[in-house]
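Okay, so here's the structure we're looking at.
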Amino acid sequence: MKRLNILVICGGTSPEADVSRQTGKALFDSCKRLGHNATLLDIPEIEFMKTPDMLERFDLVVVGYHGTLGEDGHIQAYLETVGIPFTGSGMMASSICMNKELTKRILEDIGIPTPPWSIIGINDNRTVIGEKISHLHYPLFVKPNSQGSTIGGSFVENSSSLLDALHLAFQYSRKAIVEEYISGRELAVGIVGETVLPPLEIVPKGGLYDYKHKYQDGLTEYIVPANIPELVAASLKRDSWRAFTAIGCSGYARADIRYDGKRYYFLEINNLPGMTSHSLVPKAAAAIGMGFDNIAEKIIDEAINPRRRYVQ
């Protein structure tokens with residue numbers, strides 16, 4: 023690959039800003055190791071969107087900007103408009119993945135199982151809420167419709183704590199997803215370029231796999247490849263790729279899944295998964311001999327030379 027002038031963007035003001043900076047720094051360091059002329063832009067707001075001329079000297083933008091603007095399609099829409107190649111999914115796929123309700127509808131449309139669910143609006147009263155969740159069985163999990171890193175999510179054991187969970191979710195989004203909590207194993211399937219990675223199992227040491235368990239050392243064990251039947255693993259990989267392509271993702275992504283020992287359920291598709299030392303995609307890639315720089319190289323290559331085909 024030829025030497026490129028690359029702008030790596032990260033930071034922001036969303037609740038995921040700190041994670042974004044870790045992702046941005048890791049990708050920046052990798053770009054440098056790969057021999058590219060890389061610049062790291064860590065700013066509270068995307069100033070370059072006001073001054074498109076500054077982008078002219080860059081061949082590529084590496085998007086490490088989690089949360090609002092970076093994951094919801096805003097930055098991607100701008101870069102598509104000015105004609106600058108960038109890593110990861112485009113505007114449409116990014117906006118779909120950030121909208122958990124829309125993602126679930128697409129998964130259901132193509133026959134991929136997702137937990138029974140409902141969508142609650144911030145202005146819904148108790149009667150409406152009761153009607154909307156009448157088909158669901160406790161325990162439940164409540165999360166903002168548009169947020170990542172499990173921020174604003176709550177495990178709800180019974181109706182007495184439902185309103186508090188909704189109140190928390192509404193601090194981050196005007197809609198909340200309420201879904202049946204699937205007891206079982208937590209799995210993730212990453213996709214990098216043309217490669218669907220082996221399923222990875224997440225085993226938090228006490229409690230749920232929340233923000234603290236994601237980003238603090240020693241609180242979670244990761245098993246890759248996950249100790250699940252080969253047929254289940256193969257089916258998970260196929261359905262992950264089906265979801266990836268149905269939504270229109272590109273570059274890289276991650277499917278989050280629960281498996282109860284009989285069936286698996288897709289929870290959501292992350293179009294801009296973390297790329298830190300704690301992150302799941304690098305851990306799964308390492309199991310097949312794909313180092314961090316290999317991931318970065320594939321992501322960059324996919325952005326410069328996009329293509330779409332499934333490789334085991």
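Residues are numbered in the working numbering as their position in the sequence shown, beginning at 1, plus a constant of 22.
Every residue gets a Cβ at the ideal spot worked out from N, C-alpha and C, and that includes glycine.
Fair warning: this is a prediction, and the values are worked out from it, not measured in the lab.
Which term fits residue 276, buried or exposed, when burial requires 16 or more other beta carbons within 10 angstroms of its beta carbon?
-> buried
Using the Cα positions of residue 91 and residue 154, report the straight-line distance between them to the nearest angstrom.
-> 30 Å
In the DSSP assignment, find the beta strand (DSSP E) that holds residue 276 and state where it starts and stops.
-> 274-281
Do the region 281-291 and the region 124-137 meet, that is, are 3 or more Cβ pairs less than 8 Å apart?
-> yes
Can you tell me whether residue 52 is buried or exposed, with buried defined as 16 or more other CB within 10 angstroms of its CB?
-> buried
Between the beta-carbon of residue 95 and the beta-carbon of residue 120, is there less than 8 Å?
-> yes
C-beta contact flag for residue 29 and residue 86 at 8 Å = no
Nonlocal neighbours in the same chain, by C-beta distance under 6 Å from residue 81, ignoring five residues either side = 26 and 27
Inter-residue spacing [alpha-carbon to alpha-carbon] between residue 223 and residue 279 | 9 Å
For residue 241, which of 250, 162, 226 and 311 has the nearest alpha-carbon?
-> 226
Check each candidate in 187, 167, 163 and 189 and name the one with the smallest Cα separation from residue 203.
-> 163
Can you give the Cα-Cα distance for residue 252 and residue 61, rounded to whole angstroms?
-> 43 Å
Does the region 296-306 come close enough to the region 183-199 that 3 or more CB-CB pairs lie under 8 Å?
-> no
Three or more beta-carbon pairs under 8 Å between the region 183-194 and the region 266-274, yes or no?
-> no
Buried versus exposed call for residue 283 [16 or more other C-beta atoms within 10 Å across all chains shown] | exposed
Residue environment, residue 235, which counts as buried when at least 16 other CB atoms sit within 10 Å = The predicted model places residue 235 with a pLDDT of 49, which falls under 50 and marks its position as unreliable, so this point remains unresolved.
For residue 26, name the three-state secondary structure that DSSP assigns.
-> coil
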